[in-house]
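Line by line, the protein sequences are chains Z and W.
Residue numbering for the first sequence follows my numbering, starting at -1 and increasing by one per position.
Residue numbering for the second sequence follows my numbering, starting at 476 and increasing by one per position.
Virtual Cβ for every residue (Gly too), placed ideally from N, Cα, C.
Predicted, not measured: the structure shown is a model, and the values here were computed from it.
As structure tokens, the structure follows; a few thoughts come after it.
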Amino acid sequence: MRWLSRPLGTRAMGSLLWPWLCAASVAVSLLMLATLLTLLATRGLGHFWPASLEEVTLHSGETVIGQPVREAPLPNAAGMERLYFTGNRDIDGTRWRWVAIDDIAEKSVPDEIVRLERTPWGDFIGRLSSVERAGERLEGDAAWAFVTTALALPDSQRPEAQLHLTTANGQRVIQPLSGVTLFQTPNAMSWVQKTAAWSQRIWQFLSEGPRAANTGGGVWPAIFGTVLMVILMSVIVTPFGVLAAIYLNEIAHQNRLTRLVRIGVRNLAGVPSIVYGVFGLGVFVYGIGGSIDSWFFEEALPSPTFGTGGLLWASLTLALLTLPVVIVATEEGLARIPDAQREGAVALGATRLEMLTRVVLPMATPAMLTGVILAVARAAGEVAPLMLVGVAKLAPQMPVDGEFPYLHLERKFMHLGYHLFDTAFHGEDVQAAIPLVFATALLLVLIVLVLNLTAIFLRHYLRRQRGNEC
Amino acid sequence: MLALSSANPTQAPVTRFSAETCCLSINQFHLAYAGKTALRDLTLDVPRHRVTAFIGPSGCGKSTLLRAINRLHDLNESVTHHGQIQLEGQDIHASQMNVTELRRRVGMVFQTPNPFPMSIYENVAFGLRLQGRMPKRKRDDIIEWALTSAALWDEVKDRLHRSAWQLSGGQQQRLVIARTLAVQPDVLLLDEPASALDPISTLKIEELIRNLKSQLTLVLVTHNMQQAARVSDYTAFLQQGELVEYGPTDQVFTNPRLQRTENYITGRMT
């Protein structure tokens, strides 16, 4: 035997090396995961932090106020330049300003610089000179006090007022108070105040609707749409998948046809998701939705009710997409249950249905939940098919509201995955939207995590309840 | 001693009991798995309120026969059979025989303990619940009686609502016996009930088998010669799907009629 004659050194090395190789693979995977999460968390959450604003006077006499973002080398080794976020797109035509570091004559961080978020036009960075309210003009501390108290009130109770603002170059701007969503003096804030402002902005991001064509504001409709769609999908896919798995594993004759069906189901899991989207569009939206419209909603035609993408069709398409996952997981769970359990039940006089419902299915519940977990994880992150069957850039109405029948399955909805894509590539100022993209991505990861954890805890609870190991 | 008549000692024995003492009567029973014969024209009577042991080498068909009495082969489509098995004079394969009722009357305990993934109480109540609603008080009484009969009550009475899977292997097997007893069967089939257990648990199960025969008829399949000698009243020796010898255990073990039987029992042939 040749392998015996190999020098012992190589073999010993090999057996020493391979555990390290395995461990290294695990370490690399973990490292990449950690990098991903750290990147999303820092870039996403950092966006909401009230960063200090610098006032820079250039050698030319020009003044720039803004938040330093990053530095880059100038061509021809001419030193470095720094990018400032300056806001004021209505005045300057841009939100960004590159400043060569050598051009800076003087740099300061004055306390009185304010940062505003307004609709329309987004951020304003500059100074507050006075407030005009019902003909009365407030200046200095009185103006500050008025603005802070007015902005603490809910939108509807805010008094009518005009803010007189000055930009870095002394240009005057008049801004109605009603359009202001944020008013900060980051340079004057303590750490505690900054943290409070930070949490408040994160909360606004989570709880408000989008503004300015998805480049600002919050993502609440998208969160709601994503979760609602995933829940609907689970409700549809679970019974179908479980029943199909029971048929394949417990009822069907185990012959060539069953094996063929099983291979087919497993392969369906590998079909690209956009194909399911096309199927959903053709069959659900145009086929079934079109027929429903012509039978029940004829008075609304030609504008479609169900004959266009909507929550129901998106959920159905994703249910179809995740069906193989649920079937395979449930089938594996059923196959793991020893025949002794089935025979034990049957030998006590249970019928086949009683055996299934009282012994087999309770034992297979954890496996079914595993299937649902995998399905949820896949569905929550899927974007491509949704673009065809019902996701909207901006849905005018939420799919759930106080109007009968409360749950509107035919409405288009917003989805975090699509929102992310839209913010990243379809905004006018992509650079400004990038932090929001990271924040949305982080949120999407967290939502999938929360949905999964719920199912995992449920499964754990079920296992604990009966001391079940399978 | 019960009346026992045997036709020809050198041929396959045709062993008969009188109708009053016979519980199970197997008549010319033939069974095949996908065309492969497992039991060949078996004829055998099992006496009421006695322990009958089936012994024989692996694959001789003793477990197959046991499962046939419970009609567990119904679950497997590739099994074909002809001939008769009668329980108290009724053909168990007759069309008017309700198979779930048959399985209630013929309890079965398997080689590996198979308690269901529920509490001890629910395990024993399983068969009762299948039969329909009954007052909780009555059910509790039956469960206590069944667990007592299976010599398990004292060990589990304080944790009836804990998972049955936390019991030891021996306790689990006695729980399975209790679960079967709870539906008050006429016959209890035991398929190597102690082969997966330690010696002490085995002794407990054997003692239980001896005590239970006052209540019902027991049929025991075992690989363990000593066990068959210790607990059974009658012993049937099967080989390659045929009944080789059947008689009172003392006689089969001390004075077998056939050389084949003696060889197997003394371990000269497997």
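Where residue i sits in the DSSP three-state scheme
i, result
"Leu479 of chain W", "The pLDDT assigned to Leu479 of chain W is 49, lower than 50, so where the model puts this residue is not dependable; a value taken from the coordinates is nonetheless given after this. DSSP places Leu479 of chain W in coil when its eight states are reduced to three."
"Lys613 of chain W", "helix"
"Pro300 of chain Z", "coil"
"Asn265 of chain Z", "helix"
"Arg491 of chain W", "strand"
"Cys535 of chain W", "coil"
"Pro723 of chain W", "strand"
"Trp94 of chain Z", "strand"
"Leu733 of chain W", "coil"
"Cys468 of chain Z", "Low per-residue confidence applies at Cys468 of chain Z: pLDDT is 39, beneath 50, and the placement is therefore not dependable, though the value from the model is reported in the following sentence. Cys468 of chain Z falls in the coil class under three-state DSSP."
"Thr485 of chain W", "The predicted position of Thr485 of chain W is uncertain, since its pLDDT is 44 and thus under 50; a value taken from the coordinates is nonetheless stated next. Thr485 of chain W falls in the coil class under three-state DSSP."
"Ser292 of chain Z", "helix"
"Lys632 of chain W", "helix"
"Arg41 of chain Z", "helix"
"Thr745 of chain W", "Its pLDDT being 48, under 50, Thr745 of chain W is placed unreliably in this model, and the coordinates cannot settle the point."
"Tyr709 of chain W", "strand"
"Phe402 of chain Z", "coil"
"Phe455 of chain Z", "helix"
Per-residue contacts from residue i into chain Z (C-beta, under 9 Å)
i, result
"Phe529 of chain W", "The premise fails here: Phe529 of chain W is roughly 17 Å from chain Z at the closest Cβ pair, so nothing lies under 9 Å."
"Glu552 of chain W", "His251"
"Phe585 of chain W", "Ala338, Glu341, Gly342 and Ala345"
"Cys654 of chain W", "Strictly speaking, residue 654 of chain W in this sequence is Arg, with Cys absent from that position. Going along chain Z in sequence order, the residues near Arg654 of chain W (Cβ under 9 Å) are Gly342 and Leu346."
Residue from the options whose Cα sits closest to the Cα of residue i
i, options, result
"His417 of chain Z", "Z:Met187, Z:Ala159 and Z:Pro219", "Z:Pro219"
"Ser493 of chain W", "W:Ala509, W:Asp616, W:Asn730 and W:Pro522", "W:Pro522"
"Leu384 of chain Z", "Z:Trp47, Z:Asp427, Z:Trp311 and Z:Leu451", "Z:Trp311"
"Leu53 of chain Z", "Z:Val26, Z:Glu115 and Z:Ile123", "According to the sequence displayed, residue 53 of chain Z carries Glu and not Leu. Answer by Cα proximity: Z:Ile123."
"Thr741 of chain W", "W:Leu622, W:Gly531, W:Ala653 and W:Asn686", "W:Gly531"
"Thr306 of chain Z", "Z:Leu386, Z:Val263, Z:Met412 and Z:Leu19", "Z:Leu386"
"His505 of chain W", "W:Gln559, W:Asn545, W:Glu495 and W:Thr527", "W:Gln559"
"Gln202 of chain Z", "Z:Arg257, Z:Gly415 and Z:His45", "Z:His45"
"Ala98 of chain Z", "Z:Thr224, Z:Leu447 and Z:Leu56", "Z:Leu56"
"Leu695 of chain W", "W:Cys497, W:Glu495 and W:Leu540", "W:Leu540"
"Glu563 of chain W", "W:Gly534, W:His524 and W:Met583", "W:His524"
"Ile432 of chain Z", "Z:Gly42, Z:Leu14, Z:Pro17 and Z:Val26", "Z:Gly42"
"Gln646 of chain W", "W:Thr587, W:Leu605, W:Gln701 and W:Leu663", "W:Thr587"
Short CB-CB distance (under 8 Å) between residue i and chain W
i, result
"Met396 of chain Z", "no"
"His458 of chain Z", "no"
"Gly342 of chain Z", "yes"
"Ala338 of chain Z", "yes"
"Glu330 of chain Z", "no"
"Glu352 of chain Z", "yes"
"Val357 of chain Z", "yes"
"Asn466 of chain Z", "With a pLDDT of 48 at Asn466 of chain Z, under the threshold of 50, the modelled position of this residue cannot be trusted, and the question is left open."
"Gly287 of chain Z", "no"
Chain-ordered chain Z contacts of residue i [CB-CB under 8 Å]
i, result
"Glu576 of chain W", "Gly347"
"Gly582 of chain W", "Ala345 and Leu346"
9 Å Cβ cut-off: residues of chain W touching residue i
i, result
"His406 of chain Z", "Ordered by position in chain W, no residue passes the 9 Å Cβ test against His406 of chain Z, which lies about 42 Å from the chain."
"Pro360 of chain Z", "Phe591, Pro592 and Met593"
Proximal chain Z residues relative to residue i, where beta-carbon distance stays under 7 Å
i, result
"Gly602 of chain W", "Leu346 and Gly347"
Below-8 Å beta-carbon distance, residue i vs any chain Z residue
i, result
"Gly645 of chain W", "no"
"Val696 of chain W", "no"
"Asn545 of chain W", "yes"
"Thr539 of chain W", "no"
"Arg416 of chain W", "Residue 416 of chain W lies beyond the residue range present for chain W, which begins at 476 and ends at 745; the question has no answer from this structure."
"Val631 of chain W", "no"
"Val521 of chain W", "no"
"Val599 of chain W", "no"
"Val658 of chain W", "yes"
"Leu605 of chain W", "yes"
Contact test: residue i Cβ vs the ligand COA heavy atom, cutoff 7 Å
i, result
"Pro17 of chain Z", "As far as ligands go, the structure on display features none, and thus does not contain the ligand COA."
* Which runs of the beta strand (DSSP E) fall wholly inside the region 125 to 166 of chain Z and span at least 3 residues, in chain order? -> With a minimum length of 3 residues, the unbroken runs of beta strand (DSSP E) contained wholly in the region 125 to 166 of chain Z fall at 134 to 137 and 160 to 164.
* To do: Would you mind listing the alpha helix (DSSP H) stretches within the region 642 to 706 of chain W that are 4+ residues and don't spill past its ends, in chain order?
  => Residue ranges of uninterrupted alpha helix (DSSP H) with 4 or more members, entirely inside the region 642 to 706 of chain W and ordered along the chain, are 644 to 656, 674 to 687 and 700 to 706.
* Starting from the N-terminal side, write out each stretch of the beta strand (DSSP E) that is 3 residues or longer and does not extend beyond the region 190 to 248 of chain Z. => The region 190 to 248 of chain Z contains no whole beta strand (DSSP E) run of 3 or more residues.
* To do: Let me know the beta strand (DSSP E) ranges lying completely inside the region 45 to 126 of chain Z, each 3 residues or longer, listed in chain order.
  => Correct list: 52 to 56, 61 to 71, 78 to 83, 94 to 98, 102 to 106 and 111 to 116.
* Length at least 4, wholly inside the region 550 to 615 of chain W: the alpha helix (DSSP H) runs in chain order -> Listed in chain order, the complete alpha helix (DSSP H) runs (minimum 4 residues) inside the region 550 to 615 of chain W are 574 to 580 and 595 to 605.
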